[in-house]
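Respectively, the protein sequence lines represent chains A and B. If you read the first sequence in numbering that gives the first Met the number 0, its first letter stands for residue 0, the second for the next number, and so on. If you read the second sequence in numbering that gives the first Met the number 0, its first letter stands for residue 0, the second for the next number, and so on. Here the structure is laid out as structure tokens; the discussion comes afterwards.
There are 2 protein chains.
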Amino acid sequence: MTLKSITQEKIFAAATQAFEEKGFAGARMQEIAARAGINQALLHYYFRSKEKLFDAVFAALAATMFDKLFGCFSNDLPLERKLQMFYNEHISFLQEHPHLPTFVLNEINQNPQRLAKIFGAERIDLMVQNVFRQLDDEIQSGNIRPVDKTQLFINVIALSMFPFLARGVLEMLFQQNVNFNDVIERRKTELAQFIMNAVKNK
Amino acid sequence: MTLKSITQEKIFAAATQAFEEKGFAGARMQEIAARAGINQALLHYYFRSKEKLFDAVFAALAATMFDKLFGCFSNDLPLERKLQMFYNEHISFLQEHPHLPTFVLNEINQNPQRLAKIFGAERIDLMVQNVFRQLDDEIQSGNIRPVDKTQLFINVIALSMFPFLARGVLEMLFQQNVNFNDVIERRKTELAQFIMNAVKNK
DNA sequence: GTCTATAGAAGGATAGAC
DNA sequence: GTCTATCCTTCTATAGAC
């Protein structure tokens, strides 16, 4: 997606907000037009249909999310430092885009083939294999137990993403006792240690 | 909700499926009627509106989810055994209701006050405090480090729920290499050890 | 490019017969 | 209780003037 005009950018920003918050089915073209300060006709002039507008937004957001996710892993630090950096960067990123995981995960669950259109299978496999290779190195060098890499990978991202997926529930469970942002903030520094304790050789 | 007639049960079952899979905004009354083998008029005869039908379904599903979640913690086993039992039971439950976490979490994020209508604040606090008290005991007796109980609680449920929230993404990331159900199955036995390693005193 | 006006489709809800 | 037929509102999309 290349955004050529100011109006197009405004539409795109408005659509991003609306789709992120309410999903494809819940978002309304009228609301998007209003947020962009235009009318529906102009909306359709730029993006021919709701579906096409959604595709454009989804492609951009999914790419952002996955690039950030795997980008945080692309360095040659030892695992503990890598995790510290990952959680710090990744959670900071999610704080700025709190609806992103819910949006991307839901829409992919609704329509799995959407993702394949954006990332080729090869590119995905490359990113995952890169992470796995790094974990293999750690195992080889005896820094961590010979863990199941798939499971560990899931655990690592579960711990950063889950609170954003479950925010409403968590706020209700803990009520006035705890502040959501404080809880999130602490995770930036504590999760790396949590993981390391779980997997390191003793 | 007390279901008085067969038709009412069929509607309720059909609505449960539809809402779980597509959410409130995405589900269609026509589709629910069809799945229940009736027409829309009859649907409205039993449940006056989509909103009311949704409320009934949501109340039942949210109650199911939270009862199961906290129910798995209600025993006096030592932490490691408790976690083994929790993950085994909870993940088995989620395998039977794979859409439940996505549905409940999303709808609460969309509309947080819905949950308060179902569970009173006191009841919620009681369930959480009960779990926290158990963790305090473990800390007192020196079995585990003096961890942040809120964080640990989040981590424990994140690890069982996240794969179901992210199923579409995970299936794409791992593609033909891994089978989703196999991955889930292994978590029933491995997660308790993962947590214990992370938190136990050495 | 942007607007007003409106067409057209889809979805939720109701009237009334049986 | 259950159906057919239909209404009404909401939403997406387009026509046509400027």
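Backbone N, C-alpha and C define an ideal beta-carbon position, used for all residues, glycine too. It should be emphasised that the depicted structure is a prediction, and the values quoted were computed from it without experimental measurement.
**Message:** Please identify the residue among B/Q83, B/L151 and B/I107 whose C-alpha is closest to the C-alpha of B/V127.
**Reply:** For the set B/Q83, B/L151 and B/I107, the Cα lying nearest the Cα of B/V127 is the one of B/L151.
**Prompt:** Span of the alpha helix (DSSP H) holding A/K201?
**Reply:** It is not in any alpha helix (DSSP H) - A/K201 carries neither H nor E in the DSSP assignment.
**Selected residue, minimal CA-CA separation from B/L104, among B/R132, B/L125 and B/A157** = For B/L104, the nearest C-alpha among the options comes from B/A157.
**Prompt:** CB A/K187 to CB A/N87, shorter than 8 Å?
**Reply:** Against a cut-off of 8 Å, the Cβ pair of A/N87 and A/K187 comes out as a contact.
**Request:** Would you mind stating whether A/N196 and B/N196 have Cβ atoms separated by less than 8 Å?
**Result:** Yes; because the gap between Cβ atoms is below 8 Å, this pair is in contact.
**Asked** Which whole runs of the alpha helix (DSSP H) in the stretch 114-190 of chain A are 4 residues long or more, in chain order?
**Response** Within the stretch 114-190 of chain A, the complete alpha helix (DSSP H) segments of 4 residues or longer fall at 120-139, 148-164 and 166-173, listed in chain order.
**Asked** Considering only the beta carbon of each residue, do A/V146 and A/F72 sit closer than 8 Å?
**Response** Result no, Cβ atoms of A/V146 and A/F72 do not sit closer than 8 Å.
**Asked** Along chain A, which residues have their Cβ under 7 Å away from the Cβ of B/P162?
**Response** For the C-beta of B/P162, the chain A residues within less than 7 Å are, from N- to C-terminus, I153.
**Within 8 Å, strictly: CB atoms of A/V56 and A/T1** = In this structure, A/T1 does not lie closer than 8 Å to A/V56 by Cβ.
**Prompt:** Which chain B residues sit within Cβ distance under 8 Å of A/E189?
**Reply:** For A/E189, the chain B residues whose Cβ falls inside 8 Å of its Cβ are D147 and Q150, in order along the chain.
**Item:** Contact between the stretch 105-122 of chain B and the stretch 176-183 of chain B (3+ Cβ pairs under 8 Å)
**Value:** No, because fewer than three Cβ pairs between the stretch 105-122 of chain B and the stretch 176-183 of chain B fall closer than 8 Å, the two stretches do not touch.
**Message:** Measuring only the C-alpha atoms, how far is A/N74 from B/F193?
**Reply:** Across the structure, A/N74 and B/F193 are spaced so that their CA atoms are roughly 25 Å apart.
**Prompt:** For B/D20, which residues from the same chain have a beta carbon less than 7 Å from its beta carbon, with the 5 sequence-adjacent residues on both sides left out?
**Reply:** Per the sequence shown, the amino acid found at residue 20 of chain B is Glu instead of Asp. Excluding sequence neighbours, B/E20 sits near H98.
**Message:** Please return the same chain residues whose Cβ sits closer than 7 Å to the Cβ of A/L114, not counting the five positions on each side in sequence.
**Reply:** Contacts found: A61 and I107.
**Asked** Helix, strand or coil: how does DSSP classify B/P100 here?
**Response** When secondary structure is reduced to three states using DSSP, B/P100 falls in the helix class.
**Between the CA atoms of B/F92 and B/A165 - distance to the nearest angstrom** = Cα-Cα distance, rounded: 17 Å.
**Candidates A/A17, A/Y44 and A/G22: closest to A/A33 by CA position** = When each option's Cα is compared against that of A/A33, the closest is A/A17.
**Prompt:** Would A/Y45 be called buried (16 or more neighbouring beta carbons within 10 Å of its own) or exposed?
**Reply:** By the neighbour-count rule (16 or more Cβ atoms within 10 Å), A/Y45 is buried.
**Which listed residue (A/N154, A/R144 and A/M171) has its alpha carbon closest to that of A/K201** = The option with the nearest alpha carbon to A/K201 is A/R144.
**Item:** Proximal residues to A/E30 (C-beta, below 7 Å), its chain only, five neighbours per side dropped
**Value:** Closer than 7 Å at Cβ, skipping near neighbours: A17.
**Item:** Under 8 Å between C-beta atoms of B/M171 and A/F161
**Value:** No, they are not a contact pair.
**Message:** On the CB-based measure, 16 or more other CB atoms within 10 Å of its CB, does B/N154 come out buried or exposed?
**Reply:** Buried.
**Prompt:** With 16 other CB atoms within 10 Å as the buried threshold, where does A/E137 fall?
**Reply:** By the 10 Å Cβ count, A/E137 comes out buried.
**Prompt:** How about B/F163 and B/T101: are their beta carbons less than 8 Å apart?
**Reply:** Pairing B/F163 with B/T101 gives a Cβ-Cβ distance under 8 Å.
**Request:** Could you list which residues in chain A have their beta carbon closer than 7 Å to that of B/D124, in chain order?
**Result:** Using a Cβ-Cβ cut-off of 7 Å, B/D124 is close to Q174 of chain A, given in chain order.
**Request:** Return helix, strand or coil for A/K3, following the three-state DSSP convention.
**Result:** Three-state result, A/K3: coil.
**Request:** Counting only the same chain and skipping the five closest in sequence on each side, list residues whose C-beta sits under 7 Å from that of A/H43.
**Result:** The same chain holds no residue with a CB closer than 7 Å to that of A/H43 once the five nearest residues on each side in sequence are set aside.
**Partner residues on chain B for A/M28, Cβ-Cβ distance less than 9 Å** = Listed along the chain, the chain B residues whose CB falls inside 9 Å of the CB of A/M28 amount to none; the nearest CB is some 14 Å away.
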